[in-house]
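Residue numbers (UniProt numbering), protein chains in the order written: chain G, 1 to 432; chain B, 1 to 255. In this text, a Cβ means the ideal position worked out from N, Cα and C, and glycines have one as well. Report on the following structure.
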């Protein structure tokens, strides 16, 4: 380095050429400017059209679902006078208090009495008028007020599915005729179907409920979240912050990306083989559904988590290391809080996908007919999307609006879940 | 100045990034009560050298440091040296102000908290006030300690970073071009601050601004292409450099 540093400096600028002013007024120039503005307008219109179109589709979907499904939350009832005093049920008041009451009333032939009363009131087809579960309403009323057994009373009882369909819209001809006959007498009415909100599946569309599937979804999502979130976040942190960059971590990265793109039914087969086959966990159980969906959700959380962690500015890490924070303090005090909103966004996407998933759950047995809500993680259960799939497959016309109603319930679940995640994300969001 | 042993000594330090040699056989010592400036054109290795002094290069996987660096006579690359403790003793201020996206109070309190330096809330309040006062920021922020540190102006942010560094009571402060992102007024405030901090802390500062080096430092090291060209009293370097390259650089004919 004996050479002087000055020798490395660039020499002065070359002699400037004669300056020719640009003519901005020529036709070609003006045309170019016009085309530039036109291109911009065109682009803005296309964007606007795209947004309008997607908003339109969404509005259409929501409107149809609401229009068709809202009826599923109501039921048609018919007023039936029942003379329990005259029927002389062989039930003593002592039998009515306690557990034996249901059995005693059924044994005394309450169902027959209710059917007979309907036939007496509305002609020989009267007993086809009532839902199979109508007498249960009378039973509950008697249990609440035993004095009914000694007198004549009128009850609003749920009608059978064909009548319900005919009353709400277009049904079979016989049912239409029946509704036409009854409507002038003012005995038909509509009320909120509370049974739909607190019972499970049934073969009779007037007696089905969404609660079983809703609770199944809730338990399944709980298992998925509790597994996929911590494991996904820890994997992302390890891969970004600790793992060396070598061939093995490259292979792991590619595998995770591929895993996120694997069709969901493959995860169902995996769940079937591993959780049911190898570990012998119960079929149709929320725990198995949750495990299977967690496998599917984890890669999404890992990928979103890694991107969020990568986006944390290195200067923050330097700052923390510079005051003597240990690597784990850097991660938990600075990197993770700053990455959390991004991680939560990934989790929302992953969980929303898991909530709507049907195919893998069919394979682990969740398509079974389950008539009682699950009481725990190992009880047989079904989930909302599978329930929708099962009902949409039913022949009975009564299931059509129940399917739409179940879709509304699923959307409400989804909105609630996302709302919670967005609330959490905004709470953790750091204002720079 | 030379009666007491130097605070930090670096002898024959060589750093590689992968196969590329970033600095080659650099030996510098920093005394207890002085400010040492590192000057040189971009890419000459002065920042790399600065970062070896508190082992910030450990975070770069490909970096390899050879040679001997001692703090109070202890080898800081020895296996028994706790790097977390080292960085508490050798604080750092970075080129770009990088306050945490937390409140002003939290920014200063973070270091003392993780090292357990405050026994109570009032202890911590005292440390925060003292550090901000020493960094010349207390008067400007005392009424808004709970505001975000990132809401301050660039110069205030950099003084906040200095307050954060001195809150853990370090013995040495490394400053990596602390004024390069600041306007002249903010720069003047930081320089004034360096004058006031001198004596209490040993300070090493990397700068591209030669007037700044001349103003704040007692000794200056000139780096070029990874080697230490000249190291001596600042007044000598700027008035009577021994090397041709130093002369070219400080007279502004190069760089």
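As assigned by DSSP and simplified to three states, the class of residue i
i, result
"residue 6 of chain B", "coil"
"residue 238 of chain G", "helix"
"residue 228 of chain G", "helix"
"residue 382 of chain G", "coil"
"residue 73 of chain B", "coil"
"residue 83 of chain B", "helix"
"residue 94 of chain B", "coil"
"residue 350 of chain G", "helix"
"residue 66 of chain B", "strand"
"residue 337 of chain G", "helix"
"residue 148 of chain B", "strand"
"residue 66 of chain G", "helix"
"residue 197 of chain B", "helix"
"residue 210 of chain G", "coil"
"residue 265 of chain G", "helix"
"residue 42 of chain B", "coil"
"residue 345 of chain G", "helix"
"residue 137 of chain G", "helix"
"residue 104 of chain G", "helix"
"residue 375 of chain G", "coil"
"residue 330 of chain G", "helix"
"residue 130 of chain G", "strand"
"residue 245 of chain G", "coil"
"residue 1 of chain B", "Low per-residue confidence applies at residue 1 of chain B: pLDDT is 46, beneath 50, and the placement is therefore not dependable enough to give any value."
"residue 120 of chain G", "helix"
"residue 248 of chain B", "helix"
"residue 123 of chain B", "helix"
"residue 125 of chain G", "coil"
"residue 432 of chain G", "With a pLDDT of 49 at residue 432 of chain G, under the threshold of 50, the modelled position of this residue cannot be trusted; read the value that follows with caution. DSSP places residue 432 of chain G in coil when its eight states are reduced to three."
"residue 367 of chain G", "coil"
Proximal residues of chain B, C-beta to C-beta of residue i below 8 Å
i, result
"residue 315 of chain G", "94, 96 and 98"
Residues that residue i contacts on chain G, provided the C-beta gap is smaller than 7 Å
i, result
"residue 21 of chain B", "Result: empty, since nearest Cβ-Cβ is about 15 Å, beyond 7 Å."
"residue 156 of chain B", "Chain G residues near residue 156 of chain B: none, gap ~15 Å exceeds 7 Å."
"residue 164 of chain B", "323"
"residue 110 of chain B", "323"
"residue 168 of chain B", "323 and 324"
For residue i: DSSP bridge partner residues
i, result
"residue 75 of chain G", "G:191"
"residue 202 of chain B", "B:172"
"residue 219 of chain B", "B:36 and B:233"
"residue 224 of chain B", "B:227"
"residue 157 of chain G", "G:78"
"residue 13 of chain B", "B:26"
"residue 21 of chain B", "B:16"
"residue 180 of chain B", "For residue 180 of chain B, which the question treats as bridged, DSSP gives no partner whatsoever."
"residue 103 of chain B", "B:148"
Chain-ordered chain G contacts of residue i [CB-CB under 9 Å]
i, result
"residue 88 of chain B", "323 and 324"
"residue 115 of chain B", "323 and 324"
"residue 91 of chain B", "322, 323 and 324"
Contact with chain C by residue i, beta-carbon distance below 8 Å
i, result
"residue 56 of chain B", "The structure shown contains no chain C; the protein chains it does contain are G and B."
Contact list for residue i against chain G, beta-carbon separation under 8 Å
i, result
"residue 85 of chain B", "324"
"residue 76 of chain B", "Within 8 Å Cβ-Cβ: nothing; residue 76 of chain B doesn't reach chain G, min ~13 Å."
Residues in the region 317-330 of chain G having any Cβ partner in chain B nearer than 7 Å:
318, 319, 321, 322, 323, 324, 325, 326 and 329
Taking Cβ-Cβ distances below 9 Å as the criterion, which residues of the region 198-224 of chain B are in contact with chain G?
224
Under 8 Å: do the region 171-182 of chain B and the region 200-209 of chain B share three or more Cβ pairs, one atom per stretch?
Enough Cβ pairs lie closer than 8 Å, so yes.
Touch test, the region 402-419 of chain G against the region 351-361 of chain G, Cβ-Cβ under 8 Å, three pairs minimum:
Counting Cβ pairs under 8 Å, three or more are found: they touch.
With a threshold of 8 Å, are at least 3 pairs of Cβ atoms found where one atom belongs to the region 373-380 of chain G and the other to the region 306-326 of chain G?
no
Give a yes or no on contact between the region 35-50 of chain B and the region 207-226 of chain B, applying the rule of three or more CB pairs nearer than 8 Å.
yes
Select from the region 29-61 of chain B all residues with a C-beta closer than 8 Å to any C-beta belonging to chain G, and list them in chain order.
54, 56, 59 and 61
Validate contact between the region 77-97 of chain B and the region 17-28 of chain B using beta carbons, cut 8 Å, 3 pairs
no
Does the region 153-170 of chain G come close enough to the region 77-93 of chain G to have 3 or more Cβ pairs within less than 8 Å?
Yes: the two stretches touch, three or more of their Cβ pairs being nearer than 8 Å.
With a threshold of 8 Å, are at least 3 pairs of Cβ atoms found where one atom belongs to the region 92-103 of chain B and the other to the region 152-163 of chain B?
yes
So does the region 159-169 of chain G actually touch the region 114-129 of chain G, counting three or more Cβ pairs closer than 8 Å?
yes
Between the region 292-305 of chain G and the region 252-271 of chain G, do at least 3 Cβ pairs fall closer than 8 Å?
yes
Using Cβ-Cβ distances below 7 Å, what residues of the region 121-152 of chain B are close to chain G?
Taking 7 Å as the Cβ-Cβ cut-off against chain G, the residues of the region 121-152 of chain B that qualify are 148 and 150.
Any 3 or more C-beta pairs closer than 8 Å across the region 196-213 of chain G and the region 365-374 of chain G:
yes
Do the region 317-328 of chain G and the region 224-232 of chain G touch if we need at least three Cβ pairs shorter than 8 Å?
no
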